[in-house]
Amino acid sequence: MKKLLITRKFPEQFVAPLREVAHVVEWTEIETAMPRDKFLAEAAEAEVIWSTLEDKIDEELLMHAPKLQMVANLAVGYNNLAISTIKERGIIATNTPNVLTNATADLAFGLLIATARRLVESADYLRAGKWKNWSPMLLTGMEVSGSTLGIIGMGRIGSAVARRAKGFDMQVLYHNRNRKYEDEEMYGFQYRALDELLAESDFVMVLTPYTSETHHLISAPQLKQMKESAIFINVSRGGIVDEHALYEALKNGDIWAAGLDVFQEEPVSLDHPLLTLPNVVALPHIASASVKARHAMLATNLEALLTFLADDKPKNRL
Ligand code: DGY
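Each residue of the sequence shown is one higher than the one before, starting from 48 at the first, in my numbering.
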C-alpha cells in the first residue's frame, strides 16, 4: 500500500475510505497543521500527500519527497504548490474547482456589503454602548445598489459575483486575460483595461489567481487611480496587494475602505497595521467556508485520491 500523508485532521468520513487502500499517516490535532519539520520528515516516504493551502509544497519539500507521485490540494488556488517542478517530475496534482464557487461568491458579495455599510463597525458601536441617539449621518456608508463594480479576474468566481451584482442593479466592469464575450452579451458586463476599471469603479474586487505576474498587482500607483470613495475587496490571495501601500491609501483617504478575507501572511499578525484601521473589515480566509462547500471540496479530493490509488486518472488535474 502507498503511504498517504495528510497534513491536517480532516473529518473522518472523508478519510475512512482511504484507510482501506493506503497506509495513512495523518496529523491528529484539530486546530493546527502539521509542523513544517514533521512535514519534511514524513514526506520522505510519502507517495501521496493531501494538503491544504497552508502547506507549502515548494522546492524544499519536493527535495525531501523523492517518492512523491500525487498531491491533492484542498483549495481551488494552488499558489502553495511549486507547480512547474511538480509537473516536470510527473507528479499528479489536483485541486477543488467549481464546488466552492457559490460559497466564495456569496462571501465576496457579503464582504462588499459589510464594508460599504460598515456592518462590523456598527455592531461594535452598539455593543460598546455608544448608541445614544438616531442621528441622520450616524455610521453612514456607501450605497451598493446602482453603483459600479470592477472585477479583476473574471473566472468562475468572478462571473458568479458579477451575476449577484446584477441583482443589485450594479454596472459590472471586468478586467481579465481573455474577453468573456458570452457574459458580455448575456449579462451586459463590460470589459475594461485595468487603468480604466480602477478609475471608473466604486468597488474594486480582486478575484485573480496569485502568480508571479499578479504579485502586488495592486500597489501604490493602482490605488492612486481609484476614486477617493472606492472600496477595495480581496478574497483571492493577500500577495496580490502591496499591503503597505494599501495601508497608506486607507489611512490617507486615497480610497474609502477595504474588505479583506486574505493576507500576505496568514494568520495575519494582530499588530498588522491594516488591523488598526476602522475602515478595514478583516476576515480569516473564510470565503469558501460553508459546510456544503467544504464537504464538497473534501469529497472532490477524496475522489481524486481514491481514483489515483486505484491506478486510474483523477479528475481536476492541474
Ligand atoms: C481556495 O480554494 O483557493 C480558497 O482560498 C480556500 O477555499
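A virtual CB, placed ideally from N, CA and C, is assigned to each residue, including glycine.
Pocket of the ligand DGY (residues with CB nearer than 5 Å to any heavy atom), chain order: After applying the 5 Å Cβ criterion, the set is Ala122, Val123, Gly124 and Ser335.
For Ala277, which of Thr162, Asp171 and Pro325 has the nearest alpha-carbon? When each option's Cα is compared against that of Ala277, the closest is Thr162.
For Tyr234, which option in Arg211, Thr255 and Val251 has the closest C-alpha, if you only look at C-alpha atoms? Here the closest residue by C-alpha is Arg211.
Taking buried to mean at least 16 other C-beta atoms within 10 Å of its own C-beta, is Ser192 buried or exposed? It counts as exposed.
Are the beta-carbon atoms of Gly73 and Lys56 separated by less than 8 Å? For clarity, residue 73 is Glu in the given sequence; the question names Gly instead. Taking 8 Å as the Cβ cut-off, Glu73 and Lys56 qualify as a contacting pair.
Just confirm the distance between the C-beta atoms of Arg364 and Ile138, as a whole number of angstroms; I'd bet it's less than 8 Å. Actually they do not touch by this definition, with Cβ atoms about 11 Å apart.
Between the Cα of Ala112 and the Cα atoms of Ala240, Ala122, Arg165 and Thr132, which residue gives the shortest distance? The shortest Cα separation from Ala112 among Ala240, Ala122, Arg165 and Thr132 belongs to Thr132.
Report the rounded CA-to-CA distance for Asp249 versus Lys213, giving the unit in angstroms. So the two alpha carbons sit approximately 15 Å from each other.
With DSSP as the reference, please indicate the residues paired to Ile302 in a beta bridge. Its beta-bridge partners do not exist; DSSP assigns none.
Which one or two residues does DSSP pair with Asn73 in a beta bridge? In the sequence as presented, Asn is not what sits at residue 73; that position holds Glu. Partner(s): Ile53.
Tell me which residue opens and which closes the beta strand (DSSP E) that Leu220 is part of. Counting along the chain, the beta strand (DSSP E) containing Leu220 begins and ends at Gln218 to His222.
Using C-beta distances below 6 Å, list every residue in its chain close to Val71, excluding the 5 sequence neighbours before and after it, in chain order. Here the set comprises Leu51 and Leu65.
Using the beta-carbon count (16 or more within 10 Å), is Ser259 buried or exposed? Exposed, because fewer than 16 other Cβ atoms sit within 10 Å of the Cβ of Ser259.
Between which two residues does the beta strand (DSSP E) harbouring Leu196 extend? It spans Thr195 to Ile199 - the beta strand (DSSP E) in which Leu196 sits, taken as one unbroken run.
Could you tell me the alpha carbon to alpha carbon distance between Thr99 and Glu350, rounded to whole angstroms? If you draw a straight line from the Cα of Thr99 to the Cα of Glu350, it comes to about 16 Å.
Between the stretch 321 to 332 and the stretch 343 to 359, do three or more beta carbon pairs fall short of 8 Å? Contact between the stretch 321 to 332 and the stretch 343 to 359 is absent: fewer than three C-beta pairs spanning the two stretches fall below 8 Å.
Rounding to the nearest angstrom, what Cα-Cα distance links Glu231 and Trp303 in this structure? Here the alpha carbons of Trp303 and Glu231 stand approximately 29 Å from one another.
Rounded to a whole number of angstroms, what is the C-alpha to C-alpha distance between Ala63 and Met48? In this structure, the CA atom of Ala63 is about 15 Å from the CA atom of Met48.
Just to confirm my understanding: we take Leu353, look at its own chain, exclude 5 residues before and 5 after, and list those with CB closer than 8 Å. What are they? Here the set comprises Pro64, Leu65 and Val68.
Measure from the alpha carbon of Asn145 to the alpha carbon of each residue in Glu312, Arg203 and Ala292, then state which is nearest. Shortest Cα-Cα distance from Asn145 to any of Glu312, Arg203 and Ala292 involves Arg203.
Looking only at C-alpha atoms, which of Ala334, Pro314 and Lys360 sits nearest to Glu78? For Glu78, the nearest C-alpha among the options comes from Pro314.
Would you check if the stretch 239 to 247 and the stretch 281 to 294 touch, i.e. whether three or more CB-CB distances between them fall below 8 Å? In short, these stretches do not touch, since the Cβ pair count stays below three.
Could you tell me the alpha carbon to alpha carbon distance between Ala334 and Ser206, rounded to whole angstroms? CA-CA distance, Ala334 to Ser206, rounds to 15 Å.
Any idea which residues DSSP pairs Tyr238 with across the strands? BP columns for Tyr238 point to Tyr221.
Please classify Ser316: does DSSP put it in a helix, a strand, or coil? DSSP places Ser316 in coil when its eight states are reduced to three.
Please report the straight-line C-alpha distance between Arg136 and Ala90, rounded to a whole angstrom. So the two alpha carbons sit approximately 16 Å from each other.
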